[in-house]
Structure formats: C-alpha cells, structure tokens
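Peer 1: Next up is a structure, given as structure tokens.
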Amino acid sequence: MQLEVIGVGGAGCRIADAIRAAEPAGGSFLTDVFAFDTNEADLQRTVLPESHRYRYGTESAFDGGLEAATEDGKEHAAELLEVLERGSPAEADAFLVTVGLGGVTGGGTVPALVAALQRTYDESVYVLATLPADREFDSDASEPSGLGGGSKRASATAGENTPPRPDAATNAVETLERLEGVASAIVPFDNETWLRPGEELADARDRSNRALATRVAAVFAGGGESDGPVAQTVIDASDIERIVGSESAIVTLGYAEQTVETTSSKFGLGLLPTEREVETREAVSAVETVVRKGIRGKLTLECEPETAARGLLIVGGPPAWLNRQAIAEGRRTLESAIGGSGILGGDAPRPDSETVFAGVVLADVGPVDRLEELRSAADRST
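Numbering-wise, the sequence shown is residues 289 to 670 according to our numbering.
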C-alpha cells in the first residue's frame, strides 16, 4: 500500500522523519512525508526536502494553552491541506498523522487537520500519537523533557534542561478525546514504558523513534510494493482498514526480528558465497520465534493481547526463510492469543535482508491501564 505521512509539532516531525528513514530498500510504501510545525528550527532538523517542510502560524499563537491552540489549529487546517498538494496525496491509500501528545502545538492542530483530511479524501486517516512519560507532568521531576510532547518546550534538543509540564497529562487526554470519532484509528506510543532505567527523555528520543518507525514500516510496507519477489499473501490498505476499523479504535503494534544466515561458501572459507539452502525446521523455528515475541514482547502501548478484538500478522524476511507452514501456524498463534477470529496474515519478502521479522497489530484493545493512569493524572491536575 501507499501511505502519506504527516508529522505535526516537534515530536510528530521527528517521528515522520524516522519513518521515512525506515522505508525498506526495494519496498517503497510512502507517497510523501511532510513536516508541519510552528518552530522553524525544529523543521530544519529534519532531512525532508524543503518543499515538504512547512512552518505555519507563530509559536506565540500556540502559547495560550490547549483550548486556544485548538482554535488556532482550526484556522490553519485548510492552509496545511494546500501544502500537501505539493506532493501526491491523491495517490495515497491511507494517511498517517504523527504527533506528540502533552504539548499544545500538535494537540491543538491535529484534530482539526484529521477532520479536514476526512472531509477531503475517501481514504482512512490514522493517528500515531506518543503519550507523555510520567516525569513530563510530575512536578517533582528533575530530568529534562524532550521525547514525546509537541510544544516548543517538549521538543527541546537533547541536553536542554526543560521543566516538567503539569498540564501534559491533561493535554494528552483532551487531545485523545478530540480525536475520538474523527480519526479512523489511534496508535499510541507510550514513552514511559520505553524509557530505560535512569535514562533521560532526550537521550531516549532517537532510539524510541527508530523502534516506532520500524513497527510502522513492518505493518504498512507489507508485501504489496516490491521490486523483488511478490508476497504469497499480500496485505493491502483494505486489509489494514478491516482490522483497525474506522471508528477510532485504540491500536497497538508489536515487532520482533531474528538474524538468519542467508549465504554459504564453498569449503566454509568465505569463498564463492552462494544463496544458502534453508532447512524447513530452521525456517519454522525462526518464524515461530519472532511471531511469539511479536505478540508477547514489547508493544507500542502495553496491554493484554486477549483484550484485542482483531489482529494482523505480517512475517517478512529473506524468501527462503518464509516457510508457508510456519506463517500459517503463526496466524493461528495470534488467533489463539486474542481469543477471536478477526485475524488476517501476510508475508513480506525482503531478498536483501538478513533478518526474519514479525509485525503484529492488535486492534480495538482495552481497557488499557496506561490510558487510565493518564486520565487519573489529568484529574489530579485540574
């Protein structure tokens, strides 16, 4: 499928940039990647072409809190749609808007932008939103912010000592509420669970964004657009829409990979490397391992897989390792994990890859403890 990615605010633009960098060679799945922000310096830190970076409004206009920023965002939505016409939005099969919650730039703009996209195009509009870590709204915190939020303070560069924002949880919850019934689906990424012990938010930022982008590429790149072997079972835009739905379901992504040997050499001396013949038991073992880890490993938003209403599994890697029997068993494993029959699965051949991977989508999950924690924190701050 072809995906149009739109980053809004400091964090959203960095995530969009990371997704562009994660696009697999020979497996293009992006029509365009745009970055929209009120801060010119943040825009310049991306590596997107200048035509796809756009500064709108002024930072001071978004300093009046989320309510004021929401009104400003409504005023700029049509303007941002016009900028998208610099690319090829009509060729996209779906839109993915990336934003960091907790601040006001992205939180104020994204609901209006998503609504405008829904009115203008027939394709689904998904929102990928980072949730603020506890220290971002903990008044006793002493570590710098910078990973998740969308405001100027929250998109500080690494090393800047910026204060926590007591309103971060409130902003995140209110933005999620404004997206309900507007976004086709919402994919949260919980910064809190992705922080390592003692790690500062700014230091975690790039690592977390890469992990998130890898999951997005695994799911949306699928096996439908490739210069090499075509997938045996192609996952397209309609399949993803069928799984995640169109009613603002909460969606979480899982991922796992395993390095495999793809070549062998004559006499075992590294001479005349040739494509390695893969034994069935090796292929089955590798696929089963990544599928289990993808389902039960670290998710973008932690939840019990059993709470998901629907699921999607994509297994990718060198074609010789994509054992059909193992992939079919992987789908059954996912079906068993969520306790339902709403399962789709596909494969994604990557001839030049040296890893077998599994991308997992758990859709319409809930209730989710982390979201309840944010709501409680928001209630305490009001």
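Just so you know, even glycine gets a beta-carbon here, dropped at the ideal spot from N, CA and C.
These figures come from a predicted structure and were not determined experimentally.
Arg341 lies in the alpha helix (DSSP H); which residues open and close that run?
Peer 2: First-last for Arg341: Arg341 to Arg343, but that is the beta strand (DSSP E), not the alpha helix (DSSP H).
Peer 1: Decide if Asp640 is buried, meaning its Cβ has at least 16 other Cβ atoms within 10 Å, or exposed.
Peer 2: Exposed.
Peer 1: Quick one: any contact between the region 584-602 and the region 611-624, if contact means 3 or more CB pairs under 8 angstroms?
Peer 2: Yes, the region 584-602 touches the region 611-624.
Peer 1: Would Val539 and Leu650 qualify as a contact pair, given that the criterion is a beta-carbon distance under 8 angstroms?
Peer 2: Yes.
Peer 1: Which partner residues does Arg598 have in the DSSP bridge list?
Peer 2: Its beta-bridge partners are Ala651.
Peer 1: Is Thr595 near Val653, with beta carbons less than 8 angstroms apart?
Peer 2: In contact: Thr595 and Val653 (Cβ atoms closer than 8 angstroms).
Peer 1: Inspect the beta-carbon positions of Ala537 and Val644 and report whether they are closer than 8 angstroms.
Peer 2: Their beta carbons are not under 8 angstroms apart, which means Ala537 does not touch Val644 by this criterion.
Peer 1: Let's see if you can read the secondary structure: which residues bound the beta strand (DSSP E) around Pro637?
Peer 2: Ile631 to Pro637 is the span of the beta strand (DSSP E), which, as asked, contains Pro637.
Peer 1: For the alpha helix (DSSP H) containing Ala473, list its first residue and its last residue.
Peer 2: Per DSSP, Ala473 belongs to no alpha helix (DSSP H); it is in the beta strand (DSSP E), Ala473 to Asp478.
Peer 1: Pull up the CB-CB distance for Phe350 and Val392, whole angstroms please, since I reckon it's below 8 angstroms.
Peer 2: Contact flag correct, Cβ pair sits at about 5 angstroms.
Peer 1: Is Ala403 closer than 8 angstroms to Val296 when the C-beta atoms are compared?
Peer 2: For Val296 and Ala403, no; Cβs fall outside 8 angstroms.
Peer 1: Report the option in Ile531, Arg493, Asp320 and Glu359 whose CA atom is closest to the CA atom of His340.
Peer 2: Measuring from the Cα of His340, the nearest candidate turns out to be Asp320.
Peer 1: Within a Cβ cutoff of 7 angstroms, which residues of the same chain sit near Ala614, ignoring the five residues on either side of it in sequence?
Peer 2: Same-chain partners within the cutoff: Ala571, Val572, Val575 and Glu576.
Peer 1: Start and end of the alpha helix (DSSP H) containing Phe508?
Peer 2: From DSSP, the alpha helix (DSSP H) with Phe508 extends over Leu489 to Phe508.
Peer 1: Measure the C-alpha to C-alpha separation of Leu416 and Phe508 and round it to an integer number of angstroms.
Peer 2: For Leu416 and Phe508, the distance between alpha carbons rounds to 13 angstroms.
Peer 1: Determine the burial state of Thr386: buried for a count of at least 16 other Cβ atoms within 10 Å of its Cβ, exposed for fewer.
Peer 2: Label assigned to Thr386: buried.
Peer 1: Can you tell me whether Gly604 is buried or exposed? The criterion is at least 16 other CB atoms within 10 Å of its CB, across all chains shown.
Peer 2: Burial call: buried.
Peer 1: Compare the beta carbon distance of Leu354 and Asn459 with 8 angstroms and say whether it is the shorter of the two.
Peer 2: It is a contact, given that the beta carbons lie within the stated cut-off.
Peer 1: Run the CB neighbour count on Gly647, radius 10 Å, all protein chains shown included, and call it buried at 16 or more, exposed below.
Peer 2: That one is buried.
Peer 1: Taking the beta carbon of Glu359 as the centre, do at least 16 other beta carbons fall within 10 Å, making it buried, or is it exposed?
Peer 2: Flag for Glu359 reads exposed.
Peer 1: What residue range is occupied by the uninterrupted alpha helix (DSSP H) comprising Thr257?
Peer 2: This structure leaves residue 257 out entirely; the chain is present only between 289 and 670.
Peer 1: Here's the rule: buried if 16 or more other CB atoms are within 10 angstroms of the residue's CB, otherwise exposed. What is Gly394?
Peer 2: Gly394 comes out buried.
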